[in-house]
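Engineer: Taken in order, the sequence shown gives residues 0 to 390; the numbers are from numbering that gives the first Met the number 0. Backbone N, C-alpha and C define an ideal beta-carbon position, used for all residues, glycine too. One structure coming up, written as structure tokens, with questions to follow.
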Amino acid sequence: MNQYKVVSMVTLVVLLLILAALACTGELTPESVTIGELPQYVCPSATPRATDTPLPTSPPTYNPYFTANLSNYQVGDNISSVTVQWLAQSAGNIYVSYSGSMTISPFYWAGASNVYVGYSTPNQPAQNGFYTIYIPLEVSSATIQVWATNAGYPQTFSIYRILGSVGQFYPPPSWGAPPPIYPTPRPTYTPYPTPTPYVRTNDYFLNDPIYTSPDEDYLNIRFRVTEMQNLSFQGTPTPNPPKTPVPGTNPTAIYPESLYVWTFVVKNFSDDQTYTIYPPAQSFVSSILLPNGAEQDVLLFPTYTAAQLAGFTDFTGYQAHNLASGQQVTLRLAAKGPLGTLYRVSWAMDASGRPTPVNPAEPTPIVAGGNIVSWINTVNTDCVGEIAEPR
């Protein structure tokens, strides 16, 4: 068993002790440690651009039109008035004149001339209008004329007084106006294509904000890896050097190693749910680039020794945390491993239990949790910017 596995197993034991202590405080629940779905990076530039809407077409043209009638063409014992009724479209000002004959001196009823009674708005659909004229009892007959300034011609109607009651009445005109004339539409611009949203669910980039999936029931957490670097240091002497020097060899040869340092920034956006974490057991280095450029899978957990060798003065990353809603913590971690360049770090999202191997003959993984996701030591060149923080 090599030194890295020993460190990993010790870390796991410490994790279990820490989690047991948290459970005793009542902070640790399945809901506070379980992220069961893959977190997501959503690119803001994947938000569809607004469709290039063309300018509105010109409104339709409503040609002028005017027609009229009377509500009744007689007056009598039951009615002594007449209502002029019209249907006007783009007709302009509307006027009425009326006069008549009387049965008594002076035998002429002057009525009124050029009375303004309404207005028909240009380029609008046809509308009805009304104007009522009172016919004096002495008037035996009358002539009514109605016209519009922009449509048709004057229309003249006669009305008579009868003995008895009037029984015939007429509705206003309701049809005959020409339909609108629509212009040739302006060409419609081709809409911008709606992009497929850029959503990344693993191997996240450095500095990108990573949020838990919208499908999570309890936790809404943002993760961000802000630092991934490797530091050189003296290394560890080769164990058990031979007592008798071998010609051509160095009995105190140094085993080449690197210090790997990374930083997580974690913020809890959950409505009312604490997020419980113990970073030294949930985060680890999962691959490095060897000096020859080849990628090598590793399992390197953070240790206090590595943190001290890296010159840490803040050991917040080595403590358990119960993040309340709205709380953020910065976790700086360090691990010691074979000589290389830090390429990938990982985080166990589900710390509710250790995974079981697929093959019973295989040893149980020593990572304390499941749903493991990773960050790579590369900046995002596919997308820039951030989506708005949850409210």
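Rounded to whole angstroms, what's the CA-CA distance from Ala109 to Ser98? Just pull it up for me.
Structural biologist: Walking along the sequence shown from the start, residue 109 turns up at place 110. Walking along the sequence shown from the start, residue 98 turns up at place 99. If I take the Cα positions, the gap works out to 5 Å.
Engineer: Within a Cβ cutoff of 7 Å, which residues of the same chain sit near Asp214, ignoring the five residues on either side of it in sequence?
Structural biologist: The residue given as residue 214 occupies position 215 in the sequence shown. In chain order, Glu36 place their CB closer than 7 Å to the CB of Asp214, counting only its own chain and leaving out the 5 sequence neighbours on each side.
Engineer: In whole angstroms, what separates the C-alpha of Val357 from that of Gly368?
Structural biologist: Within the sequence shown, residue 357 is the residue found at index 358, counting from 1. Within the sequence shown, residue 368 is the residue found at index 369, counting from 1. Note on Val357: pLDDT 48, under 50, position unreliable in the model; the coordinate value appears next. Each residue's alpha carbon lies about 15 Å from the other.
Engineer: Are the beta-carbon atoms of Gly339 and Leu299 separated by less than 8 Å?
Structural biologist: Within the sequence shown, numbered from 1, the residue matching residue 339 stands at position 340. Within the sequence shown, numbered from 1, the residue matching residue 299 stands at position 300. With respect to the 8 Å criterion, Gly339 and Leu299 are not classified as neighbours on the basis of their beta carbons.
Engineer: For Ala333, which residues of its own chain have a beta-carbon under 7 Å away from its beta-carbon, when the five flanking residues on both sides are left out?
Structural biologist: Looking up residue 333 in the sequence shown gives position 334. Correct list, in chain order: Leu258, Tyr259, Val260, Pro301, Ala305, Ala306, Ala309, Phe311.
Engineer: Would you decide whether Tyr342 is buried or exposed? Buried here means 16 or more other CB atoms lie within 10 Å of its CB.
Structural biologist: For the purposes of this step, residue 342 is taken as the residue at position 343 of the sequence shown. Counting the other CB atoms within 10 Å of its CB gives Tyr342 a total of 16 or more, which places it among the buried residues.
Engineer: Kindly confirm or deny that the region 198-208 and the region 132-150 touch, where touching means at least three C-beta pairs closer than 8 Å.
Structural biologist: no
Engineer: Going by DSSP in three states, Ile126 sits in which element: helix, strand or coil?
Structural biologist: Working through the sequence shown from its first residue, we reach residue 126 at position 127. Note on residue identity: the sequence assigns Gln, not Ile, to residue 126. Note: Gln126 maps to strand in three-state DSSP.
Engineer: For the alpha helix (DSSP H) that Ser436 lies in, which residues bound it at each end?
Structural biologist: The structure shown does not extend to residue 436, since the chain is modelled only from 0 to 390, so the question has no answer here.
Engineer: Under DSSP, the alpha helix (DSSP H) around Tyr303 begins and ends at which residues?
Structural biologist: Position 304 of the sequence shown, counted from the start, is the residue given in the question as residue 303. It spans 303-308 - the alpha helix (DSSP H) in which Tyr303 sits, taken as one unbroken run.
Engineer: Which residues mark the beginning and the end of the beta strand (DSSP E) in which Gln228 is found?
Structural biologist: In the sequence shown, residue 228 corresponds to position 229, counting from 1. Run containing Gln228: 220-231, per the beta strand (DSSP E) assignment.
Engineer: For Gln73, which residues of its own chain have a beta-carbon under 8 Å away from its beta-carbon, when the five flanking residues on both sides are left out?
Structural biologist: What you label residue 73 is simply residue 74 of the sequence shown in a count that begins at 1. These residues qualify, in order along the chain: Ile158, Tyr159, Arg160, Ile161, Val165, Gln167.
Engineer: Please state if the CB of Pro172 and the CB of Asn68 are separated by a distance shorter than 8 Å.
Structural biologist: What you label residue 68 is simply residue 69 of the sequence shown in a count that begins at 1. What you label residue 172 is simply residue 173 of the sequence shown in a count that begins at 1. In contact: Asn68 and Pro172 (Cβ atoms closer than 8 Å).
Engineer: How many whole angstroms separate the CB atoms of Asn206 and Arg221, which I take to be in contact at a CB cut-off of 8 Å?
Structural biologist: Mapped onto the sequence shown, residue 206 falls at position 207. Mapped onto the sequence shown, residue 221 falls at position 222. Not really, about 12 Å apart at Cβ, beyond 8 Å.
Engineer: Determine the burial state of Ala90: buried for a count of at least 16 other Cβ atoms within 10 Å of its Cβ, exposed for fewer.
Structural biologist: Within the sequence shown, the letter at position 91 stands for residue 90. Its Cβ being crowded by 16 or more others within 10 Å, Ala90 is buried.
Engineer: From Ser286, Gln327, Thr155, pick the residue whose C-alpha is nearest to that of Lys335; which is it?
Structural biologist: Looking up residue 335 in the sequence shown gives position 336. Selection Ser286, Gln327, Thr155 evaluated against Lys335 yields Ser286 as nearest (Cα-Cα).
Engineer: Should Gly128 be labelled buried (16 or more other beta-carbon atoms within 10 Å of its own) or exposed?
Structural biologist: Residue mapping note: residue 128 aligns to position 129 of the sequence shown, counting from 1. Buried, since its Cβ has 16 or more Cβ neighbours within 10 Å.
Engineer: Going by the CB atoms, is the gap between Tyr61 and Pro124 shorter than 8 Å?
Structural biologist: Working through the sequence shown from its first residue, we reach residue 124 at position 125. Working through the sequence shown from its first residue, we reach residue 61 at position 62. A contact, by the Cβ cut-off of 8 Å.
Engineer: Taking the Cβ atom as the reference point for each residue, do Val264 and Thr225 lie within a distance shorter than 8 Å?
Structural biologist: Residue numbering aside, residue 264 sits at position 265 when the sequence shown is read from its first letter. Residue numbering aside, residue 225 sits at position 226 when the sequence shown is read from its first letter. Going by C-beta atoms, Val264 is nearer than 8 Å to Thr225.
Engineer: Return helix, strand or coil for Pro121, following the three-state DSSP convention.
Structural biologist: Sequence index remark: in the sequence shown, residue 121 carries index 122 (1-based). DSSP places Pro121 in coil when its eight states are reduced to three.
Engineer: Does the beta-carbon of Leu162, which I'm using as the reference point, lie nearer than 7 Å to any heavy atom of the ligand ATP?
Structural biologist: By its list of ligands, the structure shown contains no ligand whatsoever, and the ligand ATP lies outside what it can speak to.
Engineer: Is it buried or exposed, Ile386, if we count other Cβ atoms within 10 angstroms and call 16 or more buried?
Structural biologist: As a first step, residue 386 is located in the sequence shown; it is residue number 387 there, counting from the start. Around the CB of Ile386, fewer than 16 other CB atoms lie within 10 Å, so the residue is classed as exposed.
Engineer: Please list the terminal residues of the continuous alpha helix (DSSP H) segment that includes Gln167.
Structural biologist: By one-based count along the sequence shown, residue 167 stands at place 168. Premise fails: Gln167 is in no alpha helix (DSSP H) and is neither H nor E.
Engineer: Assuming the contact rule is C-beta atoms closer than 8 Å, Ser57 and Pro177 should be a hit. Round their C-beta distance to whole Å, please.
Structural biologist: Translated into positions along the sequence shown, residue 57 becomes position 58. Translated into positions along the sequence shown, residue 177 becomes position 178. Not quite, the Cβ-Cβ distance comes to about 18 Å (not below 8 Å), so this is no contact.
Engineer: When the Cα of Ile103 is compared with those of Ala111, Thr131, Leu136, which residue comes out closest?
Structural biologist: Translated into positions along the sequence shown, residue 103 becomes position 104. Checking every option, the nearest Cα to that of Ile103 belongs to Leu136.
Engineer: By how many angstroms is the C-alpha of Tyr130 removed from the C-alpha of Tyr107?
Structural biologist: Position 108 of the sequence shown, counting from 1, holds the residue named residue 107. Position 131 of the sequence shown, counting from 1, holds the residue named residue 130. If you take the alpha carbons of Tyr107 and Tyr130, they lie about 22 Å apart.
Engineer: Near Thr262, what residues of its chain come up, given a Cβ to Cβ distance below 6 Å and the 5 sequence neighbours on each side ignored?
Structural biologist: For the purposes of this step, residue 262 is identified with residue 263 of the sequence shown, where counting begins at 1. These residues qualify, in order along the chain: Thr225, Glu226, Arg331.
Engineer: Taking the alpha carbon of Val328 as the reference point, which residue from Val32, Asn267, Gly75, Ala111 has its own alpha carbon closest?
Structural biologist: Numbered from its first residue, the sequence shown carries residue 328 at position 329. The option with the nearest alpha carbon to Val328 is Asn267.
Engineer: Where do the ends of the alpha helix (DSSP H) carrying Gln318 lie?
Structural biologist: Within the sequence shown, numbered from 1, the residue matching residue 318 stands at position 319. No alpha helix (DSSP H) contains Gln318, which DSSP labels as neither H nor E.
Engineer: Between Ile132, Gln326, Ile134, Pro38, which lies nearest to Ile209 when the distance is taken from Cα to Cα?
Structural biologist: The residue labelled residue 209 in the question sits at position 210 within the sequence shown. The shortest Cα separation from Ile209 among Ile132, Gln326, Ile134, Pro38 belongs to Pro38.
Engineer: Check whether the Cβ atoms of Trp85 and Ile78 sit closer than 8 Å, and answer yes or no.
Structural biologist: Residue numbering aside, residue 85 sits at position 86 when the sequence shown is read from its first letter. Residue numbering aside, residue 78 sits at position 79 when the sequence shown is read from its first letter. In this structure, Trp85 sits away from Ile78, with a CB-CB distance that is not shorter than 8 Å.
Engineer: Looking only at its own chain, which residues have a Cβ that is under 8 Å from the Cβ of Phe204, when we skip the five neighbours before and after it?
Structural biologist: The residue you call residue 204 lines up with position 205 of the sequence shown. For Phe204, where only same-chain residues beyond five positions count, the Cβ hits under 8 Å are Tyr40, Trp374, Ile375, Thr377, Val378, Asn379.
Engineer: Give me the Cα-Cα distance between Asp271 and Asn122, rounded to the nearest whole angstrom.
Structural biologist: By one-based count along the sequence shown, residue 271 stands at place 272. By one-based count along the sequence shown, residue 122 stands at place 123. Cα-Cα distance, rounded: 60 Å.
Engineer: Pick from Tyr303, Tyr133, Met101, Glu256: whose alpha carbon is nearest that of Val83?
Structural biologist: The residue labelled residue 83 in the question sits at position 84 within the sequence shown. For the residues Tyr303, Tyr133, Met101, Glu256, the minimum Cα distance to Val83 belongs to Tyr133.
Engineer: Could you tell me which of Ala347, Thr315, Pro290 sits nearest to Asn229, measuring between CA atoms?
Structural biologist: In the sequence shown, the residue the question calls residue 229 occupies position 230. Selected option, being the one with the closest Cα: Pro290.
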